[in-house]
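So in this note's numbering, spot 8 of the sequence shown is number 814, and the numbers just go up one at a time. C-beta: ideal position from N, C-alpha, C; glycine also. Only one structure is covered here, and it is reproduced in the block below.
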Amino acid sequence: MARSDAAYALTMAERPEVPSEELRVLIRKLASAVKDVASVAELRGERLNAPVARALEEALREALRQH
């Protein structure tokens with residue numbers, strides 16, 4: 807489901823007529839999916855690369871600020 811949400815979000819991000827609120831909803835869904843992935847990784851004893859996780863968090867925050 808997260809892959810489908812990501813594909814849909816990318817498609818919608820390319821369309822200038824998409825309202826900002828809809829983009830915010832999509833970003834929230836993607837952020838939730840990222841949190842789920844991180845939780846699963848921690849449960850399995852794996853660790854996400856901290857710089858990658860920080861970069862993703864910053865990108866999501868910037869996307870929210872822009873819309």
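In the DSSP assignment, R850 falls outside any alpha helix (DSSP H) and carries neither an H nor an E.
Within the same chain, Cβ atoms closer than 8 Å to the Cβ of K835 are found at D811 and A815, the five residues on either side in sequence being excluded. Around the beta carbon of L849, fewer than 16 other beta carbons lie within 10 angstroms, which makes this residue exposed.
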